[in-house]
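The structure appears right after this line, and notes come after that.
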Amino acid sequence: MAYRHYTKCISVGNHIGKQYAQVIIAAAVVALPLILVGVVAGPAVLLVALAAILAYCRWWLYDRLVCLGGDECAVGWLLKIDPPQQKSGLDRFDTDYSLNLVPGNVFEFTPQAEAEKIQPFGRLIANTPAIKNAGLDWQGLEARQWANDDPTAVLHCEFEGAGVYDLMIACLAAIPVATAAAVACAIPFFGWIACAILTVIAAAIVIVGGIVGILDTANPTDVDENLGDLHVNDPTRRGADILFVKGTWVYDSAHEGWNEIHPIKHCQKIGTWNGSWDESSVPDGSSDRWCEAVDSAGSPLTVAAQQDPENQWTIHPVIDGCRRLSEPGPDPVH
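Residue numbering for the sequence shown follows UniProt numbering, beginning at 1 and increasing consecutively.
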């Protein structure tokens with residue numbers, strides 16, 4: 001299945017910076033209740049609220065994530081899952097499904113500063129020269145499975161949901177209606193009636209769009225319907241899924257500053273965590289080879305070849321004895 005993708009990462013040189021982002025976020029927090037107030041106060045208030053929410057949506061989707069160099073592949077065991085249903089407040093519109101992976105060769109309770117140096121994936125969670133030179137916040141990300149655990153450095157990975165995108169589309173649809181309401185308000189009597197009706201319609205568009213967005217959540221099966229449930233460790237600290245993931249490598253400016261895979265474009269289970277990397281069975285081959293294999297499987301040439309008549313088999317030709325029409329038959333028996 002195709003992955004869901006609504007965000008676009010931006011170059012570090014075009015990133016607006018955290019100070020401006022904080023203003024946009026604060027304005028959006030104030031603007032959300034103004035949608036309801038605007039029904040009473042008039043379309044002018046509603047338009048201001050819509051502009052603030054739209055600015056937030058565009059920042060969230062198109063400025064928050066800074067590009068770090070394209071797609072990357074990684075292997076890690078699943079320490080923690082953050083499903084969208086557990087979020088609250090303005091974060092409820094962030095309907096991404098998040099995973100925190102302990103990268104390959106990193107063990108539980110390894111701190112950020114140490115994990116960054118462990119090959120082959122430590123570089124993915126380490127600060128980059130571009131982010132350092134831009135003076136952007138950096139902390140890295142550590143997580144705990146149990147509240148009393150010491151923290152472990154993790155690679156944050158996200159399947160994208162459409163919550164903020166749906167909210168943005170609703171705002172774009174509501175702005176022309178609210179604008180028409182503002183014009184109608186300048187016309188006495190019948191204009192006032194039209195103004196009231198249009199203002200209610202504009203507010204309803206945003207409210208319905210917001211509800212749709214909150215319900216439009218991501219799920220790992222968006223990428224692969226056969227992926228099934230994902231598992232973290234049981235109380236014995238074993239049993240977590242070891243995952244291979246591929247996706248866009250970005251810096252997320254919305255938090256304390258860390259790198260992540262966003263969105264996840266490919267995800268598959270390749271093993272089960274048994275307490276150490278030596279004791280956990282993982283298929284042979286480097287992550288680079290697996291990445292190349294995933295790229296090859298999804299390439300246009302491979303997809304086109306899969307549609308050829310000779311490849312539309314249920315039982316493999318080696319078993320059923322079928323050959324291409326162009327292949328010669330067996331030698332005659334003498």
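For each residue, glycine too, the CB sits at the ideal point set by N, CA and C.
Identified DSSP bridge partners for residue i
{"i": "A52", "result": "Paired residues: none, contrary to the question."}
{"i": "D234", "result": "BP columns for D234 are empty, so no partner."}
{"i": "I201", "result": "DSSP lists no partner for I201."}
{"i": "Y251", "result": "V66, N259"}
{"i": "K246", "result": "C73, H266"}
{"i": "P103", "result": "G76"}
{"i": "D82", "result": "S98"}
For residue j and residue i, the rounded distance between their alpha carbons
{"i": "H334", "j": "Q312", "result": "The predicted model places H334 with a pLDDT of 45, which falls under 50 and marks its position as unreliable, so this point remains unresolved."}
{"i": "Q268", "j": "G228", "result": "10 Å"}
{"i": "R4", "j": "A186", "result": "44 Å"}
{"i": "Y20", "j": "Q306", "result": "49 Å"}
{"i": "S280", "j": "I25", "result": "43 Å"}
{"i": "W258", "j": "E114", "result": "15 Å"}
{"i": "N133", "j": "D308", "result": "51 Å"}
{"i": "I81", "j": "A184", "result": "50 Å"}
{"i": "T301", "j": "T272", "result": "The question names Thr, but residue 301 in the sequence shown is Leu. Rounded to whole angstroms, L301 to T272 spans 33 Å at the Cα level."}
{"i": "P120", "j": "A74", "result": "9 Å"}
{"i": "A173", "j": "A130", "result": "37 Å"}
{"i": "I118", "j": "N105", "result": "7 Å"}
{"i": "P33", "j": "R237", "result": "44 Å"}
{"i": "A170", "j": "F190", "result": "27 Å"}
{"i": "H255", "j": "W192", "result": "45 Å"}
{"i": "A55", "j": "E160", "result": "20 Å"}
{"i": "C195", "j": "I201", "result": "10 Å"}
{"i": "V282", "j": "I205", "result": "50 Å"}
{"i": "I211", "j": "R289", "result": "43 Å"}
{"i": "residue 340", "j": "P83", "result": "With the chain represented from 1 up to 334, any question about residue 340 goes unanswered, as that position is not in the structure."}
{"i": "I315", "j": "T217", "result": "38 Å"}
{"i": "V30", "j": "I197", "result": "24 Å"}
{"i": "V116", "j": "I175", "result": "With the sequence shown as reference, residue 116 is identified as Glu, and Val is not the correct amino acid for it. Approximately 46 Å, taken between the alpha carbons."}
{"i": "N226", "j": "I53", "result": "37 Å"}
Spatially closest choice to residue i from the options, by CA coordinates
{"i": "E292", "options": "P33, T272, V245", "result": "V245"}
{"i": "A203", "options": "D150, P43, A113", "result": "P43"}
{"i": "W249", "options": "A31, E72, A21, Y3", "result": "E72"}
{"i": "M168", "options": "A28, Q22, Y3", "result": "A28"}
{"i": "L155", "options": "F107, L215, K132", "result": "F107"}
{"i": "G213", "options": "L90, W77, V23, V75", "result": "L90"}
{"i": "H147", "options": "H255, L79, K117, G70", "result": "The residue asked about is misnamed: residue 147 is Ala in this sequence, not His. If we check each option's Cα against that of A147, L79 comes out closest."}
{"i": "C9", "options": "G239, P263, W277, V208", "result": "P263"}
{"i": "G275", "options": "V206, E160, F109", "result": "F109"}
{"i": "Q112", "options": "T128, A143, L32", "result": "A143"}
{"i": "L215", "options": "S88, Q22, A2, T7", "result": "S88"}
{"i": "I261", "options": "P235, C195, P103", "result": "P103"}
{"i": "W277", "options": "D234, A240, E160", "result": "A240"}
{"i": "V208", "options": "T7, I35, S11", "result": "I35"}
{"i": "L230", "options": "V294, I205, I270, L198", "result": "I270"}
{"i": "T7", "options": "V294, S296, W290, K265", "result": "K265"}
{"i": "E158", "options": "Q22, V45, D252", "result": "D252"}
{"i": "G76", "options": "T199, I175, N233", "result": "N233"}
The ligand FAD heavy atom lying under 6 Å from the CB of residue i
{"i": "D234", "result": "Within the structure as shown, the ligand FAD is missing, as the structure has no ligands at all."}
**Request:** Say whether the segment 49-63 touches the segment 118-130, bearing in mind that this needs 3 or more beta-carbon pairs closer than 8 Å, one atom from each stretch.
**Result:** The count of Cβ pairs closer than 8 Å, one atom from the segment 49-63 and one from the segment 118-130, stays below three, leaving the stretches out of contact.
**Request:** Evaluate the contact criterion for the segment 179-196 versus the segment 126-141: three or more CB pairs, one atom per stretch, below 8 Å.
**Result:** No, because fewer than three Cβ pairs between the segment 179-196 and the segment 126-141 fall closer than 8 Å, the two stretches do not touch.
**Prompt:** Just checking, does the segment 93-110 make contact with the segment 159-167 on the three C-beta pairs under 8 Å criterion?
**Reply:** Touching, yes, given that three or more Cβ pairs across the two stretches are closer than 8 Å.
**Prompt:** Taking one C-beta from the segment 221-233 and one from the segment 48-57 each time, how about it: are there three or more such pairs within less than 8 Å?
**Reply:** No, because fewer than three Cβ pairs between the segment 221-233 and the segment 48-57 fall closer than 8 Å, the two stretches do not touch.
**Asked** Contact between the segment 232-249 and the segment 99-119: three or more CB pairs below 8 Å?
**Response** At 8 Å Cβ cutoff, the stretches touch.
**Message:** Contact between the segment 63-70 and the segment 7-27 is defined here as three or more beta-carbon pairs at a separation below 8 Å; is this criterion met?
**Reply:** Cβ pair count under 8 Å is three or more, so yes.
**Item:** Inside the segment 255-294 only - beta strand (DSSP E) runs reaching at least 3 residues
**Value:** Assignment of beta strand (DSSP E) within the segment 255-294, counting only whole runs of 3 or more residues, yields 258-272 in chain order.
**Message:** In chain order, what are the residue ranges of uninterrupted alpha helix (DSSP H) at least 4 long that sit wholly in the segment 121-185?
**Reply:** The segment 121-185 contains, as complete alpha helix (DSSP H) runs of 4+ residues, the segments 129-133, 163-184 (chain order).
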